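Student: One structure coming up, written as structure tokens, with questions to follow.
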Amino acid sequence: MNRRGFLKIAGGTAAATLLATYAFSDKQNIMRDDVADIPISSEKLYPDERKILYLASLAPSGHNTQPWMIKYLAPYHWIVCNDKMKWLPAVDPSQRETILSIGAFIQNIDYAADSLGYIAEYKLLANSNQDEDMVEIRLNKTSNKSNYNLENIKLRRTIRSGFLNDIISANDMHFICSGDNNHFHYIPNKTKEQQWLSELTVDANHQQIYRDDAQNELANWMRLSTDDALKYKDGLTTASMEISGLSGWIVRNLYKKENVLSVKFREQSLAKVKNQATNLGGWLLMTSENGDTASLLETGKRLQRMLLKTRVKKIGVHPMTQILEEDIYKAELQSRMKITNSIQFVLRLGYVQNYPKPVSLRRPIESFIQLI
Ligand SMILES: Cc1cc2nc3c(=O)[nH]c(=O)nc-3n(C[C@H](O)[C@H](O)[C@H](O)COP(=O)(O)O)c2cc1C
Numbered sequence: 517m518n519r520r521g522f523l524k525i526a527g528g529t530a531a532a533t534l535l536a537t538y539a540f541s542d543k544q545n546i547m548r549d550d551v552a553d554i555p556i557s558s559e560k561l562y563p564d565e566r567k568i569l570y571l572a573s574l575a576p577s578g579h580n581t582q583p584w585m586i587k588y589l590a591p592y593h594w595i596v597c598n599d600k601m602k603w604l605p606a607v608d609p610s611q612r613e614t615i616l617s618i619g620a621f622i623q624n625i626d627y628a629a630d631s632l633g634y635i636a637e638y639k640l641l642a643n644s645n646q647d648e649d650m651v652e653i654r655l656n657k658t659s660n661k662s663n664y665n666l667e668n669i670k671l672r673r674t675i676r677s678g679f680l681n682d683i684i685s686a687n688d689m690h691f692i693c694s695g696d697n698n699h700f701h702y703i704p705n706k707t708k709e710q711q712w713l714s715e716l717t718v719d720a721n722h723q724q725i726y727r728d729d730a731q732n733e734l735a736n737w738m739r740l741s742t743d744d745a746l747k748y749k750d751g752l753t754t755a756s757m758e759i760s761g762l763s764g765w766i767v768r769n770l771y772k773k774e775n776v777l778s779v780k781f782r783e784q785s786l787a788k789v790k791n792q793a794t795n796l797g798g799w800l801l802m803t804s805e806n807g808d809t810a811s812l813l814e815t816g817k818r819l820q821r822m823l824l825k826t827r828v829k830k831i832g833v834h835p836m837t838q839i840l841e842e843d844i845y846k847a848e849l850q851s852r853m854k855i856t857n858s859i860q861f862v863l864r865l866g867y868v869q870n871y872p873k874p875v876s877l878r879r880p881i882e883s884f885i886q887l888i
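Mind the numbering: the sequence shown is residues 517 to 888 in our numbering, read in order.
Next up, the structure:
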């Protein structure tokens, strides 16, 4: 065989190998719609209970850990619990964010129950963020159903890219925050405070990205491959991290935990944050009365009520909590902003052209219910 013939055959073989590798590779940027909510096999749950708990589970949570659990005492009588296995000790050592997430979960229960004709009675059981039993809930059937639109819960999502730089209009701010100026503080784009807050966010991220315990914890909650995403149905997938196209393929097929810990990955993450910090319509700070568990649960509920109003206004919300997770930056924020109440959320806001479909996955209901 002459050289030309050999090169032709070798080239053809390489192309065929590449094609075959691609054909059998992990090509799916899996989304929530791709994963069916499998009905619970136990007869113990009533259909309305299933609906309510499914909707509750669509609440946001840090790293999508879904830190809630339900102790099932009797039909429509549950205890919402704090699942210790889902804590994030490196970034949330006092479980502040865990409780905020559980608050959002309870708000979804409230709206879902109300729309199905139940009135919820709540009893706070927790004295601290570390207690397992948080809130006892009884749902009582009534003849009234609210007309709350459950699509708000189903279609809400965290958005991390594609923000326009337009300032959020006063009307829209009033609408999403329900006119509550005690707990919400909007810092519009292109103001001195916004620029300062954007810089502080980058600095806090820089500190956290190079903190090995925090990066290691993040890596443990990343579901890099579709197999892992389907196995765990929690954490951060390529779709929820908004890594698409070729980059998404590379992460799903070639990345391992070690890559997330590499300097290159950390540099890329910081570059992304710098970009996000300059693309926004402003920052929204949320405060609570104090830092106790009841106040944090209330703040989580308030957050969720606000988030559920953003889609209709095409406003994307991206929690960027690193300032609050890195102590020196938290102190700086609190003193510079001259806000006396404790700041519990730093949220990047921006109008988006199109509000995208939700992508983050949720564990099936039976995985977070203890039938007792
Ligand atoms: C307390 C809390 C803290 C969060 N912190 C961040 C954050 O720092 N950066 C980020 O990109 N998303 C953050 N999120 C958003 C979660 O990652 C997101 O809610 C989760 O992945 C589920 O996705 P979904 O909101 O689209 O349902 C946070 C959410 C909560 C409730």
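C-beta atoms are modelled at their ideal positions from N, C-alpha and C, and glycine is treated no differently. Keep in mind that this is a model prediction, so the values were computed, not measured.
Can you grab the Cα-Cα spacing for the pair Lys543 / Leu640, in whole Å?
Tutor: Position 27 of the sequence shown, counting from 1, holds the residue named residue 543. Position 124 of the sequence shown, counting from 1, holds the residue named residue 640. Roughly 46 Å separates the two Cα atoms.
Student: According to DSSP, simplified to helix, strand and coil, what is Arg727?
Tutor: What you label residue 727 is simply residue 211 of the sequence shown in a count that begins at 1. In this structure, Arg727 counts as coil in the three-state DSSP scheme.
Student: Under DSSP, the beta strand (DSSP E) around Arg864 begins and ends at which residues?
Tutor: What you label residue 864 is simply residue 348 of the sequence shown in a count that begins at 1. Run containing Arg864: 858 to 867, per the beta strand (DSSP E) assignment.
Student: Taking one C-beta from the segment 601 to 609 and one from the segment 626 to 643 each time, how about it: are there three or more such pairs within less than 8 Å?
Tutor: No, the segment 601 to 609 is not in contact with the segment 626 to 643.
Student: DSSP three-state label for Arg893, please.
Tutor: One cannot answer for residue 893 here, as it falls past the ends of the chain, which runs 517 to 888.
Student: Would Leu731 and Glu842 qualify as a contact pair, given that the criterion is a beta-carbon distance under 8 Å?
Tutor: Here residue 731 refers to the residue found at position 215 of the sequence shown. Here residue 842 refers to the residue found at position 326 of the sequence shown. The question names Leu, but residue 731 in the sequence shown is Gln. No, they are not a contact pair.
Student: Can you list, in chain order, the residues of its chain with a C-beta nearer than 8 Å to that of Pro583? Leave out the 5 residues immediately preceding and following it.
Tutor: As a first step, residue 583 must be located in the sequence shown, where it is residue number 67. The answer, listed in chain order, is Ser577, Asn598, Asp599, Lys602, Trp603, Thr614, Ser617, Ile618.
Student: Using the C-alpha atoms, what's the distance from Glu882 back to Thr742?
Tutor: Indexing the sequence shown from 1 puts residue 742 at position 226. Indexing the sequence shown from 1 puts residue 882 at position 366. Their backbone Cα atoms lie some 22 Å apart in a straight line.
Student: Out of Lys846, Gly528, Met802, which one is the CA nearest neighbour of Thr717?
Tutor: Numbered from 1 along the sequence shown, position 201 holds the residue referred to as residue 717. Nearest option by C-alpha distance: Lys846.
Student: Tell me which residue opens and which closes the beta strand (DSSP E) that Glu758 is part of.
Tutor: For this step, residue 758 is matched to residue 242 along the sequence shown. Unbroken run through Glu758: none, as it is neither H nor E.
Student: Which of the three DSSP states is assigned to Asn687 in this structure?
Tutor: In the sequence shown, residue 687 corresponds to position 171, counting from 1. Residue state, collapsed to three classes: helix.
Student: Give the C-beta separation of Val862 and Leu801 to the nearest angstrom, bearing in mind that I take them to be a contact with Cβ-Cβ under 8 Å.
Tutor: Counting from 1 along the sequence shown, the entry for residue 862 is found at position 346. Counting from 1 along the sequence shown, the entry for residue 801 is found at position 285. Their Cβ separation, rounded to whole angstroms, is 6 Å, which keeps Val862 and Leu801 in contact under 8 Å.
Student: Go to Asp696, then tell me how far its alpha helix (DSSP H) extends in each direction, as first and last residue.
Tutor: The residue labelled residue 696 in the question sits at position 180 within the sequence shown. Asp696 -> no alpha helix (DSSP H), and no H or E assigned at all.
Student: Start and end of the beta strand (DSSP E) containing Ser804?
Tutor: To locate residue 804, count along the sequence shown from 1; it is residue 288. It spans 798 to 804 - the beta strand (DSSP E) in which Ser804 sits, taken as one unbroken run.
Student: For Thr837, is the beta carbon positioned less than 7 Å from some heavy atom of ligand 1?
Tutor: Start at 1 with the first residue of the sequence shown, and residue 837 comes out as number 321. Yes, since a heavy atom of ligand 1 falls inside the 7 Å radius drawn around the Cβ of Thr837.
Student: Given a cut-off of 8 Å, decide if Arg566 and Lys749 are closer than it, judged by their beta-carbon atoms.
Tutor: On the sequence shown, residue 749 is found 233 positions in, with the first residue counted as 1. On the sequence shown, residue 566 is found 50 positions in, with the first residue counted as 1. Contact flag unset, no.
Student: Rounding to the nearest angstrom, what Cα-Cα distance links Ala755 and Phe884 in this structure?
Tutor: Sequence index remark: in the sequence shown, residue 755 carries index 239 (1-based). Sequence index remark: in the sequence shown, residue 884 carries index 368 (1-based). Cα to Cα, Ala755 sits roughly 24 Å from Phe884.
Student: Rounded to whole angstroms, what's the CA-CA distance from Gln860 to Leu840? Just pull it up for me.
Tutor: As a first step, residue 860 is located in the sequence shown; it is residue number 344 there, counting from the start. As a first step, residue 840 is located in the sequence shown; it is residue number 324 there, counting from the start. Answer to the nearest angstrom: the Cα atoms are 7 Å apart.
Student: Could you tell me which of Lys661, Asn545, Ala720 sits nearest to Gly633, measuring between CA atoms?
Tutor: For the purposes of this step, residue 633 is identified with residue 117 of the sequence shown, where counting begins at 1. Nearest of Lys661, Asn545, Ala720 to Gly633, Cα basis: Lys661.
Student: Could you have a look at Leu824 and say whether DSSP puts it in helix, strand or coil?
Tutor: Indexing the sequence shown from 1 puts residue 824 at position 308. Leu824: coil per DSSP, three-state reduction.
Student: Could you pull out every residue in the same chain whose Cβ sits closer than 8 Å to the Cβ of Tyr658, ignoring the five residues on either side in sequence?
Tutor: Along the sequence shown, read from residue 1 onward, the residue named residue 658 stands at position 142. For the sequence presented, residue 658 should be read as Thr rather than Tyr. Excluding sequence neighbours, Thr658 sits near Gly633, Tyr634, Ile635.
Student: Assign Tyr867 to buried or exposed, taking buried as 16 or more other Cβ atoms, counted over all protein chains shown, within 10 Å of its Cβ.
Tutor: Translated into positions along the sequence shown, residue 867 becomes position 351. Label assigned to Tyr867: buried.
Student: Going by the C-beta, is Pro874 closer than 7 Å to any heavy atom of ligand 1?
Tutor: Residue mapping note: residue 874 aligns to position 358 of the sequence shown, counting from 1. Yes, since a heavy atom of ligand 1 falls inside the 7 Å radius drawn around the Cβ of Pro874.
Student: Under 8 Å between the Cβ atoms of Ile546 and Thr826?
Tutor: Within the sequence shown, numbered from 1, the residue matching residue 546 stands at position 30. Within the sequence shown, numbered from 1, the residue matching residue 826 stands at position 310. Cβ atoms of Ile546 and Thr826: not closer than 8 Å.
Student: Inspect the beta-carbon positions of Leu666 and Ser631 and report whether they are closer than 8 Å.
Tutor: Here residue 666 refers to the residue found at position 150 of the sequence shown. Here residue 631 refers to the residue found at position 115 of the sequence shown. Cβ atoms of Leu666 and Ser631: closer than 8 Å.
Student: State the Cα-Cα distance for the pair Leu574 and Ala531, rounded to the nearest angstrom.
Tutor: As a working mapping, residue 574 is identified with position 58 in the sequence shown. As a working mapping, residue 531 is identified with position 15 in the sequence shown. Looking at the two C-alpha atoms, the distance is approximately 43 Å.
Student: Just the Cα atoms here: how many angstroms apart are Tyr664 and Asp696?
Tutor: As a first step, residue 664 is located in the sequence shown; it is residue number 148 there, counting from the start. As a first step, residue 696 is located in the sequence shown; it is residue number 180 there, counting from the start. Whole-angstrom Cα-Cα distance: 20 Å.
Student: Determine the DSSP secondary structure at Gln621, reduced to helix, strand or coil.
Tutor: Locating residue 621 in the sequence shown gives position 105, counting from the first residue. Reading the sequence as shown, one finds Phe at residue 621 and not Gln. Note: Phe621 maps to helix in three-state DSSP.
Student: At which residues does the alpha helix (DSSP H) containing Pro563 begin and terminate?
Tutor: On the sequence shown, position 47 is the one that residue 563 refers to. Run containing Pro563: 563 to 572, per the alpha helix (DSSP H) assignment.
Student: If we count the other Cβ atoms within 10 Å of its Cβ and call it buried at 16 or more, is Asn645 buried or exposed?
Tutor: Position 129 of the sequence shown, counted from the start, is the residue given in the question as residue 645. By the 10 Å Cβ count, Asn645 comes out buried.
Student: Run through the segment 758 to 793 for me and flag every whole alpha helix (DSSP H) of 4 or more residues, listed as ranges in chain order.
Tutor: Whole alpha helix (DSSP H) segments, 4+ residues: 761 to 770, 773 to 777.
Student: Sorted by chain position, which residues of the same chain lie with C-beta nearer than 7 Å to Tyr771's C-beta, five sequence neighbours on each side aside?
Tutor: Against the sequence shown, residue 771 aligns to sequence position 255. Taken in chain order, the residues that qualify are Leu740.
Student: Could you spell out where the alpha helix (DSSP H) holding Gln488 opens and where it closes?
Tutor: No answer is possible for residue 488: it lies beyond the span of the chain, which begins at 517 and ends at 888.
Student: Taking Leu589 as the reference, which of Ala787, Asp649, Phe621 has the closest Cα?
Tutor: In the sequence shown, counting from the first residue as 1, residue 589 sits at position 73. Among Ala787, Asp649, Phe621, the Cα nearest to that of Leu589 is on Asp649.
Student: Run the CB neighbour count on Tyr627, radius 10 Å, all protein chains shown included, and call it buried at 16 or more, exposed below.
Tutor: The residue given as residue 627 occupies position 111 in the sequence shown. Counting Cβ neighbours within 10 Å, Tyr627 comes out buried, since at least 16 surround it.
Student: Leaving aside the five residues before and after Leu823 along the sequence, list all residues of the same chain whose C-beta is less than 8 Å from its C-beta, in chain order.
Tutor: The residue given as residue 823 occupies position 307 in the sequence shown. Correct list, in chain order: Pro576, Ala620, Arg672, Val833.
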